[in-house]
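The structure appears right after this line, and notes come after that.
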Amino acid sequence: MAFFTHQVIRGLSSSAVRNAAIKHVTIIGGGQMGAGIAQVAATTGHSVVLVDTNEEILKKSAKGIEGSLKRVVKKKFADKPDAGAEFIAKVMANVSISTDAASVVGSTDLVLEAIVENLKIKQGLFGALDKVAPAHTIFASNTSSLPITDIASSTSRLDRFGGLHFFNPVPMMKLVEVIGTSATSQETFDSLLAFSKALGKTPVCVLNGSLTSVRYVHLQDTPGFIVNRLLVPYMMEAIRLHERGHGSKEDIDIAMKLGAGYPMGPFELLDYVGLDTAKFIMDGECWAKDPGNPLMQPSEMLNKLVAEGKFGKKTGEGFYKYK
0 MAFFTHQVIR GLSSSAVRNA AIKHVTIIGG GQMGAGIAQV AATTGHSVVL
50 VDTNEEILKK SAKGIEGSLK RVVKKKFADK PDAGAEFIAK VMANVSISTD
100 AASVVGSTDL VLEAIVENLK IKQGLFGALD KVAPAHTIFA SNTSSLPITD
150 IASSTSRLDR FGGLHFFNPV PMMKLVEVIG TSATSQETFD SLLAFSKALG
200 KTPVCVLNGS LTSVRYVHLQ DTPGFIVNRL LVPYMMEAIR LHERGHGSKE
250 DIDIAMKLGA GYPMGPFELL DYVGLDTAKF IMDGECWAKD PGNPLMQPSE
300 MLNKLVAEGK FGKKTGEGFY KYK
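Be aware that the sequence shown starts at 0, since it is given in numbering that gives the first Met the number 0, and climbs by one per residue.
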């Protein structure tokens, strides 16, 4: 009887079921992005479960969230230490951790993954959770480059699947790219938009198909979505400019900061993002989907640095040295 009831509940597809506000969030991936999203969601009053396969990673994530909140307190509660301590305690009370995703998605409104950029691994994760998550639960990926349509294909809830691409560091960056596929329902898309706004973020819409009531820019579910689709070719062209001897990396960075008003030059940004991440995006979806585009051509200099393990700030050296 319990099984039958569960199947009936999973079969419900009314807009009333799907369009409920997102209050309970399960975030898969305890790395920098996952922890950052968890912090923002918990700060805005959402109940958050942060999931990873490793207990030590989760403990480190929780400690990192608390450390980040302490920095917030120094600015917002400088003269009110008791209020600051209360703020931290309240936010942390909204966060719990688990190493078993299947056991915690039973009451969640949104499952958001922020794990490794590997299509098969993401498909495997969502395929497994699709079997145990409630009918109303929305699935979303924080992928920066993989098509949401391909990830969603591993599930039976294509209408309740979308993308929420946050930017690093999540607590500071205001933008969220909300991605819909041709199968994403209007109710799901509206819920993802509302959730993004509830986090205090500004959403922009990346669409595949036509959700007629959405009053935002319509764009195909293109590799890299909006930001990376424009940003990665820009950074790659900066590398090629340097490779051709048309400018030093220092001068190119200064030129873009002072001439275009960018807070970071392209080489500084590459080191911050991670050269391995930039190469992954280039070699993966961007290059594979548009190999004839000269802006998507690989860079020998970038490949060499990555092969040497020089990924940027996180390794102490990339285009610049940080040790």
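We put the beta carbon where it would ideally sit given N, CA and C, even for glycine.
Since the model is a prediction, treat every value here as computed from it, not as a measurement.
8 angstroms or more divides the Cβ of His164 from the Cβ of Thr107.
With a 10 Å radius around the Cβ and a threshold of 16 neighbouring Cβ atoms, Leu229 comes out exposed. Look at Ala182 here: in three-state DSSP terms it is coil, with no helix or strand label. By the neighbour-count definition (other C-beta atoms within 10 Å, threshold 16), Pro232 is a buried residue.
Under the 10 Å beta carbon count, Ala40 is surrounded by 16 or more other beta carbons and is classified as buried. Within the same chain, Cβ atoms closer than 8 angstroms to the Cβ of Asp282 are found at Pro297, the five residues on either side in sequence being excluded. Secondary structure at Phe310: coil, using DSSP grouped into helix, strand and coil. Asp78 sits exposed, since fewer than 16 C-beta atoms from the chains shown fall within 10 Å of its C-beta.
Per DSSP, Phe160 is one residue of the beta strand (DSSP E) stretching across 160 to 165. Membership of Leu49 in the beta strand (DSSP E) is indicated by the continuous run 46 to 50. Distance between Thr180 and Thr187, taken at the CA atoms: about 11 angstroms. Our two residues, Ser46 and Asn93, have alpha carbons roughly 5 angstroms apart in a direct line. Under the three-state reduction of DSSP output, Val131 falls in the coil class, being neither helix nor strand. Per DSSP, the unbroken alpha helix (DSSP H) holding Ile147 starts and ends at 147 to 151. Using a 10 angstroms sphere on the CB of Arg70, the tally of other CB atoms stays under 16, which defines it as exposed.
Here Ser95 carries a strand assignment [DSSP, helix/strand/coil]. The Cβ-Cβ distance between Leu269 and Phe224 does not fall below 8 angstroms.
In the structure shown, the three-state DSSP call for Ser247 is coil. Around Leu157, the same chain offers Ala151, Ala182 as residues with beta carbons nearer than 6 angstroms, after the five sequence neighbours per side are excluded.
In the DSSP assignment, Val226 falls within the alpha helix (DSSP H) that extends over 226 to 242. Relative to the Cα of Val90, the nearest Cα in the group Gln185, Gly161, Phe166, Gly44 belongs to Gly44. Taking all protein chains shown into account, Lys130 has fewer than 16 neighbouring C-beta atoms within 10 Å of its C-beta and is therefore exposed.
DSSP, reduced to helix, strand and coil, places Ile87 within a helical segment of the structure shown. Annotation: Glu299 to Met234 spans about 14 angstroms, alpha carbon to alpha carbon. In the three-state reduction of the DSSP assignment, Ala139 falls in the strand class, which pools E and B.
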